[in-house]
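Data block below; observations after.
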Amino acid sequence: MSFVVDSVIMFTSQVLFFGFGWLFFMRQLFKDYEVRQYIVQVVFSITFAFSCTMFELIIFEILGALSSSSRYFHWKFNLYVILLVLIFVVPFYIGYFVVSNIRLLQRQKLLFACMVWFTFMYFFWKLGDPFPILSPKHGILSIEQLISRVGVIGVTLMALLSGFGAVNCPYTYMSYFLRNVTDSDILALERRLLQTMDMIVSKKKRIAMTRRQMYQRGEDQNKQTGFWGMIKSVTSTQTGSENLSLIQQEVDALEELSRQLFLETVDLQATKERIEYSKTFQGKYFNFLGYFFSIYCVWKIFMVKFWSQHISFILVGIIIVTSIRGLLITLTKFFYAISSSKSSNVIVLVLAQIMGMYFVSSVLLMRMSMPLEYRSIVTEVLGELQFNFYHRWFDVIFLVSALSSILFLYLAHKQAPEKHMTL
Amino acid sequence: MSTNGFASSLSLCNQSASTNRYAGGVFTIFFRVAAVTKKMASLDRVKVLVLGDSGVGKSSLVHLLCQNQVLGNPSWTVGCSVDVRVQDYKEGTPDEKTYYIELWDVGGSIGSASSVKSTRAVFYNSVNGIMLVHDLTNKKSSQNLYRWSLEALNKDSSPTGVIVSNGDYDREQFAENPVPLLLIGTKFDQIPENKRSEVLTRTAFLSEDFNAEEINLDCTNPRYLAAGTSNAVKLSRFFDKVIEKRYFTRDPSQMTGFTDRKRFNFKSLHYD
Chain A
24 MSFVVDSVIM FTSQVLFFGF GWLFFMRQLF KDYEVRQYIV QVVFSITFAF SCTMFELIIF
84 EILGALSSSS RYFHWKFNLY VILLVLIFVV PFYIGYFVVS NIRLLQRQKL LFACMVWFTF
144 MYFFWKLGDP FPILSPKHGI LSIEQLISRV GVIGVTLMAL LSGFGAVNCP YTYMSYFLRN
204 VTDSDILALE RRLLQTMDMI VSKKKRIAMT RRQMYQRGED QNKQTGFWGM IKSVTSTQTG
264 SENLSLIQQE VDALEELSRQ LFLETVDLQA TKERIEYSKT FQGKYFNFLG YFFSIYCVWK
324 IFMVKFWSQH ISFILVGIII VTSIRGLLIT LTKFFYAISS SKSSNVIVLV LAQIMGMYFV
384 SSVLLMRMSM PLEYRSIVTE VLGELQFNFY HRWFDVIFLV SALSSILFLY LAHKQAPEKH
444 MTL
Chain B
87 MSTNGFASSL SLCNQSASTN RYAGGVFTIF FRVAAVTKKM ASLDRVKVLV LGDSGVGKSS
147 LVHLLCQNQV LGNPSWTVGC SVDVRVQDYK EGTPDEKTYY IELWDVGGSI GSASSVKSTR
207 AVFYNSVNGI MLVHDLTNKK SSQNLYRWSL EALNKDSSPT GVIVSNGDYD REQFAENPVP
267 LLLIGTKFDQ IPENKRSEVL TRTAFLSEDF NAEEINLDCT NPRYLAAGTS NAVKLSRFFD
327 KVIEKRYFTR DPSQMTGFTD RKRFNFKSLH YD
């Protein structure tokens, strides 16, 4: 009886998550595009729903809600479904939509999509070889084989993103790092930008004028005959086209300059807005949070031992919420930056794949942050994976990513003041 | 990284300190030259904006209109790219005169960050005409045109002009808009035959809303704008209208009409 009640609760929450994923897709990701293939939206929402359900099950585990047998059943069920989606459904549809975009392969779309999927499976399988993730007693078709590989990819992704986030978050929000930007700086840059555009325009007018004159003279030239006519025609067109290529080179250089000035102006405007935001109440609150989390991140970088398991549980909750939100925001920004009306379907599916793998590996890694008594369920459900390997792998990639982000941001920060030297 | 591009654009050595000093010297020269060319350029300046969502084909369109060639390798437009079209005003009549029309292709999407929008606004000053480009295969790009036109037209005012706009579309504003608009639908060839009438009805409503002519074409095929086609005629009419408004319409009675409504800043009719 309690099993039925628990299942109803789980199902309701899954429907809620599905609805949230659907709305997010429609309102945020695809707000500039038309949804022509509804299957993409369905697949994205399903991936999101089952990923969130896994987090929900962890919380239920810790809180002791629902009976343990139904929890176990739902864990297994959820895991099978999400592995099915991540390994079979999403890659197949990615292949299908990529093939649909290529005109040559239109005839045999299904066949080529299957071929792409088999290639993906081959590389996915090969991924397991260099890593010591399985003990030899596992069979070839066991679920551990699949999870371990998904785990490797997801953990690498998570570590890269966390490393970068750990460094970038304090850098962006702490007012110590915000360069001082005044309105006159921005106005000066804008004036330079407009002057560069004016120069480009005047040079292009000269090119157009010269081309037109050459074209008109070309018509007259056909009428010129005789020895002197030929000499005159050769010399005049030569200087004409030489001039043109010279001006064209100058135009190319000026266009490159105008693009850089535009990007710098955008950068300054964004910094100015951030400064204004930091003066508001909300901004001050986030600034404080930024200090708090940067201390946490620094502490993580130096790997200090946990001294209280209950604080770690609270942090688990915060990490879940912020990582979901952070991931969705990052995915959205990424999507806006690279998608076009042709490739939007493919990119959304790739994002769904990344999101699914990210969430599965979060569960793997969360085991480390959970108090001891709750780790057993994760171990039981996911089978005997070499969890220590994943923790070590995460730490290594996190360190590498954090250090390279520090280097990258340091270089970018160094270069910035030089750009705005006044003349 | 960006200073490298700066140095390469001036074709100088790579040491950043000396580059900046030299850049300072070169820029003072540029300032003086720019001041002179600005005066010269503004005498004959006719500026038309080309607006629309990312990926609709603005760069291809501008290239086709200015170079009479199809753009081989379209790539993302960062900031604004300008090209110049040679237009014969009143072609075939004794009043024929050649003008250089500047087509300012402003890149970006309507949902960009506010920092990008405020930087983009710099390009919207003293505009003489606007070409609104949308993708016929993507309804959202057509809907976004309302927001694009509001962004450009509201910026066209100086801070002292009174602008009455709450951000929503208002048909009256477009009916008496002093800036000529032209609606261009791209990727016409990608619409299947049976859907064409439906798409054309939709764009007809759009052109009514904007009080503008419409052209539907494919930017990779020059035959849509071949001489003698109705598209080419509409295009020349638009450019002629832009030139007329720029140079020949300084009727004081018309201007008082606008000041009464105080909707748009008619300073755009003055020369900078």
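Chains A and B, in that order, are what the protein sequence lines are. One point on numbering: in this note's numbering, the residue at position 208 of the first sequence is 231, and numbering is uninterrupted. One point on numbering: in this note's numbering, the residue at position 108 of the second sequence is 194, and numbering is uninterrupted. All C-beta atoms, glycine included, are put in the ideal place defined by N, C-alpha and C.
How would you list, in chain order, the residues of chain B whose beta-carbon sits under 7 Å from the beta-carbon of residue i?
{"i": "L217(A)", "result": "V208"}
{"i": "K228(A)", "result": "V170, Y186"}
{"i": "V28(A)", "result": "Within chain B, no residue comes near V28(A); the closest Cβ sits about 44 Å away, beyond 7 Å."}
{"i": "I223(A)", "result": "V168"}
{"i": "R282(A)", "result": "V164, G165"}
{"i": "M138(A)", "result": "By Cβ distance, chain B contributes nothing, its closest Cβ being about 27 Å from M138(A), past 7 Å."}
{"i": "A231(A)", "result": "V170, V172, Y186"}
Kindly examine the ligand COA and report whether one of its heavy atoms sits closer than 7 Å to the Cβ of residue i.
{"i": "K273(B)", "result": "Looking at this structure, you won't find the ligand COA or any other ligand, since it has none at all."}
Since residue i and residue j are thought to touch, with beta carbons under 8 Å apart, how far apart are those beta carbons, to the nearest angstrom?
{"i": "L52(A)", "j": "V371(A)", "result": "6 Å"}
{"i": "S424(A)", "j": "N191(A)", "result": "Contact doesn't hold; Cβ gap of about 11 Å is too wide."}
{"i": "N411(A)", "j": "F120(A)", "result": "With a Cβ gap of about 39 Å, N411(A) and F120(A) do not count as contacting."}
{"i": "S137(B)", "j": "L222(B)", "result": "It is Leu, not Ser, that sits at residue 137(B) in the sequence shown. Between L222(B) and L137(B) the Cβ distance is about 16 Å, and since that is not below 8 Å, they are no contact."}
{"i": "A293(A)", "j": "T70(A)", "result": "About 32 Å; that fails the 8 Å criterion."}
{"i": "Q271(A)", "j": "I230(A)", "result": "7 Å"}
{"i": "L239(B)", "j": "V265(B)", "result": "7 Å"}
{"i": "F48(A)", "j": "Q64(A)", "result": "5 Å"}
{"i": "V172(B)", "j": "R240(A)", "result": "Wrong, their Cβ atoms sit about 15 Å apart, outside the cutoff."}
{"i": "I377(A)", "j": "L180(A)", "result": "6 Å"}
{"i": "P114(A)", "j": "F78(A)", "result": "Not quite, the Cβ-Cβ distance comes to about 23 Å (not below 8 Å), so this is no contact."}
{"i": "L135(B)", "j": "V213(B)", "result": "5 Å"}
{"i": "V168(B)", "j": "I223(A)", "result": "6 Å"}
{"i": "E296(A)", "j": "S200(B)", "result": "7 Å"}
Quick check: residue i and residue j, are their CB atoms within less than 8 Å of each other?
{"i": "F421(A)", "j": "A182(A)", "result": "yes"}
{"i": "S68(A)", "j": "I105(A)", "result": "no"}
{"i": "A298(B)", "j": "L267(B)", "result": "yes"}
{"i": "R332(B)", "j": "V208(B)", "result": "no"}
{"i": "S195(B)", "j": "S140(B)", "result": "yes"}
{"i": "T306(B)", "j": "V156(B)", "result": "yes"}
{"i": "D29(A)", "j": "L89(A)", "result": "yes"}
{"i": "G188(A)", "j": "L387(A)", "result": "no"}
{"i": "L212(A)", "j": "L291(A)", "result": "yes"}
{"i": "I329(B)", "j": "Y175(B)", "result": "yes"}
{"i": "S227(B)", "j": "V142(B)", "result": "yes"}
{"i": "S93(A)", "j": "F146(A)", "result": "no"}
List, in order along the chain, the chain A residues whose C-beta lies closer than 7 Å to that of residue i?
{"i": "S201(B)", "result": "V289, Q292, A293, E296"}
{"i": "S146(B)", "result": "Residues of chain A passing the Cβ test: none, with the nearest at roughly 13 Å."}
For residue i, count neighbouring C-beta atoms within 10 Å of its own C-beta (all shown protein chains included) and say buried if the count is 16 or more, exposed if not.
{"i": "I125(A)", "result": "exposed"}
{"i": "V66(A)", "result": "buried"}
{"i": "E265(A)", "result": "exposed"}
{"i": "A72(A)", "result": "buried"}
{"i": "D221(A)", "result": "buried"}
{"i": "I310(B)", "result": "Strictly speaking, residue 310(B) in this sequence is Tyr, with Ile absent from that position. Result: buried."}
{"i": "N352(A)", "result": "According to the sequence provided, residue 352(A) is Ile. The question's Asn does not apply to it. Exposed."}
{"i": "G118(A)", "result": "buried"}
{"i": "V38(A)", "result": "exposed"}
{"i": "Q131(A)", "result": "exposed"}
{"i": "F417(A)", "result": "buried"}
{"i": "I62(A)", "result": "exposed"}
{"i": "G42(A)", "result": "exposed"}
{"i": "K437(A)", "result": "exposed"}
Along chain B, in chain order, which residues have C-beta atoms closer than 8 Å to that of residue i?
{"i": "R172(A)", "result": "What R172(A) touches in chain B: nothing, since even the nearest Cβ is about 35 Å away."}
{"i": "A211(A)", "result": "Simply none; closest approach about 11 Å."}
{"i": "Y56(A)", "result": "N224, K226"}
{"i": "A182(A)", "result": "None at all; the shortest Cβ gap to chain B is about 25 Å."}
{"i": "E278(A)", "result": "S167"}
{"i": "M77(A)", "result": "None at all; the shortest Cβ gap to chain B is about 32 Å."}
For residue i, return the contacting residues in chain A, with the cut-off set at a CB-CB distance below 8 Å.
{"i": "T289(B)", "result": "Near T289(B) there are no residues of chain A at all, since even the closest Cβ is about 15 Å away, more than 8 Å."}
{"i": "S204(B)", "result": "Q292"}
Given that residue i touches chain B, what residues does it touch there, using C-beta distances under 9 Å?
{"i": "M49(A)", "result": "By Cβ distance, chain B contributes nothing, its closest Cβ being about 12 Å from M49(A), past 9 Å."}
{"i": "R235(A)", "result": "V172, T184"}
Three CB pairs or more closer than 8 Å across the region 262-280 of chain A and the region 181-197 of chain B: No, because fewer than three Cβ pairs between the region 262-280 of chain A and the region 181-197 of chain B fall closer than 8 Å, the two stretches do not touch.
At least three beta-carbon pairs within less than 8 Å, the region 263-283 of chain B to the region 201-218 of chain B: yes
Segment contact flag, the region 158-171 of chain B with the region 137-150 of chain B, C-beta cutoff 8 Å, min 3 pairs: yes
Three-pair Cβ contact test at 8 Å for the region 137-154 of chain A versus the region 75-84 of chain A: no
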